[in-house]
Amino acid sequence: MDREYAEPLDVPALARVALMSAGHFSRSFRAAYGETPYSYLMTRRIERAMALLRRGDMSVTEVCFAVGCTSLGSFSSRFTELVGESPSVYRERDHSDGAAVPACVAKVHTRPVRNGEATPAPPSVA
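For reference, each letter of the sequence shown is one residue, going 6 to 131 in this note's numbering.
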């Protein structure tokens, strides 16, 4: 799912690859990752969309389809839910303050988090 986030993925297809029933796959996935397979996939798509929107060379519609979403309305709703602002507002905001931050660090701190979820604690340096 992380690698093929832009492909049309569904639980039955993922379950077949994992050699499980769809129900067992969904339960096992949720137990391991704390969210449903669809929610996990959408979070990966929104993460990638954030990176593409920060570049500023693609429209919101182009980004929507580039990350594998087929509905601009659903994409915008989920983006707003996870990021806290619409894709258009996010795209227009100045992102130059994070340009010097390594991508691996930026990914941790810009990961979309659902409302009500705790934000991940930064790694401690001992």
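Don't be surprised by glycine CBs; every beta carbon is placed ideally from N, CA and C. These numbers come from a predicted model, not from an experiment.
Helix, strand or coil: how does DSSP classify residue i here?
i, result
"residue 32", "helix"
"residue 123", "Unreliable positioning characterises residue 123 in this predicted model, as indicated by a pLDDT of 44, which lies under 50. A coordinate reading is not provided."
"residue 13", "coil"
"residue 27", "helix"
"residue 6", "coil"
"residue 98", "coil"
What does the Cβ neighbour count give for residue i, buried or exposed, with the cut at 16 atoms within 10 Å?
i, result
"residue 49", "buried"
"residue 39", "exposed"
"residue 9", "exposed"
"residue 18", "exposed"
"residue 46", "buried"
"residue 37", "exposed"
"residue 73", "buried"
Quiz item: Between the segment 41-57 and the segment 73-88, do at least 3 Cβ pairs fall closer than 8 angstroms?
Solution: yes
Exercise. List in chain order: all unbroken alpha helix (DSSP H) runs of 4+ residues lying wholly within the segment 45-96.
Key: 65-71 and 77-88
Quiz item: Looking at C-beta atoms only, is the number of pairs between the segment 63-74 and the segment 92-104 that lie closer than 8 angstroms three or more?
Solution: yes
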